[in-house]
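Contents: one structure, followed by commentary.
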Amino acid sequence: MSKILIVEDEESIAELEKDYLELSGFEVETESNGDKGLARALAEDFDLYILDLMLPGTDGFEICRQIRKEKNTPVLMVSPKKDDIDKTRGLGLGADDYITKPFSPSELVARVKAHLSRYDRLIGSRADKNEIIEIRGLKIDKTDRRVFVNGVEKNFTTKEFDLLTFLAEHPNRVFTKEELFSNIWDMESIGDIATVTVHIKKIREKIEYDTSKPQYIETIWGVGYRFKI
Numbered sequence: 061m062s063k064i065l066i067v068e069d070e071e072s073i074a075e076l077e078k079d080y081l082e083l084s085g086f087e088v089e090t091e092s093n094g095d096k097g098l099a100r101a102l103a104e105d106f107d108l109y110i111l112d113l114m115l116p117g118t119d120g121f122e123i124c125r126q127i128r129k130e131k132n133t134p135v136l137m138v139s140p141k142k143d144d145i146d147k148t149r150g151l152g153l154g155a156d157d158y159i160t161k162p163f164s165p166s167e168l169v170a171r172v173k174a175h176l177s178r179y180d181r182l183i184g185s186r187a188d189k190n191e192i193i194e195i196r197g198l199k200i201d202k203t204d205r206r207v208f209v210n211g212v213e214k215n216f217t218t219k220e221f222d223l224l225t226f227l228a229e230h231p232n233r234v235f236t237k238e239e240l241f242s243n244i245w246d247m248e249s250i251g252d253i254a255t256v257t258v259h260i261k262k263i264r265e266k267i268e269y270d271t272s273k274p275q276y277i278e279t280i281w282g283v284g285y286r287f288k289i
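Counting from 1, position 49 in the sequence shown corresponds to residue 109 in our numbering; the numbering is continuous, with no gaps.
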């Protein structure tokens, strides 16, 4: 159940909003004071905020600004003002929507559902986005192109990252230097394949505890290299 915070000093409007949202299956909390609303917005976990602009204490603009410093949670602003400058300012501070009073409660519910759905899709896509390879303390984030060894990030060049990732994605398979050169440098093996040896050496220096006894990238003498799991 999504949890919503309404910060609205007009009790009748706050109750109307609360009733319609609760009938639609949401859990709703209300605050009539801007200072208290801001404190709760920052201290508690809500899935969406509905902010009146004109509030005793901290106004809705400042609440929105403070929320955006810490959270990406959807923010809907509500105001009797029809001035474009207020709408522009609110959206500029990071509000996701702006509703002018008076409004239909069913319209508010529809907008709340739309923004929550959009936010859920966004969070879901982010959660699924990063493709991670983890092997014995080695973490390769393919999406953000970052490498961590026992939680410590290591800096990799583009080709070092590509070579490490390629080997890790094909564990226990032996590749010749020519094959690695062709796959990583996207060229036929007509260049200087010694560059593969150089890159393997640099990668080992970053991920291996003891480069003389590599635990990840093994040398198969007379053949090439393999990533051992």
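Ideal placement from N, C-alpha and C gives every residue a C-beta, glycine not left out. Given the structure is predicted, the values throughout are model-derived calculations rather than measurements.
Are the segment 95 to 112 and the segment 66 to 76 touching by the rule of at least three beta carbon pairs closer than 8 Å?
Enough Cβ pairs lie closer than 8 Å, so yes.
Runs of 4 residues minimum, wholly inside the segment 138 to 220: which ones carry the alpha helix (DSSP H) assignment?
List check, alpha helix (DSSP H) in window: 144 to 152 and 165 to 189.
Helix, strand or coil for residue 80, going by three-state DSSP, please let me know.
Mapped onto the sequence shown, residue 80 falls at position 20. Note: residue 80 maps to helix in three-state DSSP.
So who's on the other strand from residue 112, going by DSSP bridges?
Translated into the one-based positions of the sequence shown, residue 112 becomes position 52. BP columns for residue 112 point to 138.
Does the segment 170 to 181 come close enough to the segment 208 to 224 that 3 or more CB-CB pairs lie under 8 Å?
In short, these stretches do not touch, since the Cβ pair count stays below three.
Give the secondary structure of residue 249 by DSSP, where H, G and I count as helix, E and B as strand, and everything else as coil.
Residue 249 sits at position 189 when you count from the first residue of the sequence shown. Note that residue 249 has pLDDT 43, beneath the 50 cutoff, so the model's placement of it is unreliable and the number below is only indicative. Correct three-state label for residue 249: coil.
Measure how close the beta-carbons of residue 60 and residue 214 come, nearest whole angstrom, since I'm counting them as under 8 Å.
The structure shown has nothing for residue 60, since the chain only spans 61 to 289.
By alpha-carbon positions, which one of 149, 146 and 162 ends up nearest to residue 76?
Within the sequence shown, numbered from 1, the residue matching residue 76 stands at position 16. Comparing Cα-Cα distances from residue 76 to each of 149, 146 and 162, the minimum goes to 162.
Count the other CB atoms, across all protein chains shown, that sit within 10 Å of the CB of residue 283; report buried if there are 16 or more and exposed otherwise.
Residue numbering aside, residue 283 sits at position 223 when the sequence shown is read from its first letter. Exposed: under 16 other Cβ atoms inside 10 Å.
I'd like the span of the alpha helix (DSSP H) that includes residue 88, first residue to last.
Working through the sequence shown from its first residue, we reach residue 88 at position 28. Taken as a continuous stretch (DSSP letters only), residue 88 belongs to no alpha helix (DSSP H), being part of the beta strand (DSSP E) at 87 to 91.
Excluding sequence positions up to five away, which residues of its chain have a Cβ less than 6 Å from the Cβ of residue 195?
One-based indexing of the sequence shown puts residue 195 at position 135. Taken in chain order, the residues that qualify are 289.
Could you spell out where the alpha helix (DSSP H) holding residue 258 opens and where it closes?
As a position in the sequence shown, residue 258 is number 198, starting the count at 1. Counting along the chain, the alpha helix (DSSP H) containing residue 258 begins and ends at 254 to 267.
Should residue 156 be flagged as near chain D, meaning a C-beta pair shorter than 8 Å?
No chain D is present in this structure, which holds just one protein chain.
Contact check, residue 207 vs residue 223 under 8 Å by CB: the rounded distance?
Position 147 of the sequence shown, counted from the first residue, corresponds to residue 207. Position 163 of the sequence shown, counted from the first residue, corresponds to residue 223. Not confirmed; about 11 Å, so no contact.
Among the residues of its own chain, which have a CB less than 7 Å from the CB of residue 169, if the five just before and after it don't count?
Within the sequence shown, residue 169 is the residue found at index 109, counting from 1. The answer, listed in chain order, is 80, 81 and 84.
Who are the near neighbours of residue 86 in its chain, counting only those whose CB is closer than 8 Å to its CB and skipping five residues on each side?
Looking up residue 86 in the sequence shown gives position 26. Result list for residue 86: 61, 62, 63, 64 and 172, in chain order.
Less than 8 Å separating the beta-carbons of residue 130 and residue 113?
Residue numbering aside, residue 130 sits at position 70 when the sequence shown is read from its first letter. Residue numbering aside, residue 113 sits at position 53 when the sequence shown is read from its first letter. Cβ atoms of residue 130 and residue 113: not closer than 8 Å.
Just list the residues that DSSP pairs residue 278 with in beta bridges.
Here residue 278 refers to the residue found at position 218 of the sequence shown. Answer is 286, bridged to residue 278.
So, using beta-carbon positions, are residue 192 and residue 183 closer together than 8 Å?
Taking the first residue of the sequence shown as position 1, residue 192 is located at position 132. Taking the first residue of the sequence shown as position 1, residue 183 is located at position 123. For residue 192 and residue 183, no; Cβs fall outside 8 Å.
So residue 129 is in the alpha helix (DSSP H); what residue range does that whole segment cover?
Here residue 129 refers to the residue found at position 69 when the sequence shown is read from its first residue. Unbroken alpha helix (DSSP H) run through residue 129: 120 to 130.
Which residues does DSSP pair with residue 235 in a beta bridge?
Here residue 235 refers to the residue found at position 175 of the sequence shown. Partner(s): 285.
When DSSP builds the beta bridges, which residues end up paired with residue 224?
Here residue 224 is taken as the residue at index 164 of the sequence shown, counted from 1. Residue 224 is not bridged to any residue.
Looking at residue 260 and residue 285, is the spacing between their C-beta atoms short of 8 Å?
One-based indexing of the sequence shown puts residue 285 at position 225. One-based indexing of the sequence shown puts residue 260 at position 200. Their beta carbons are under 8 Å apart, which means residue 285 touches residue 260 by this criterion.
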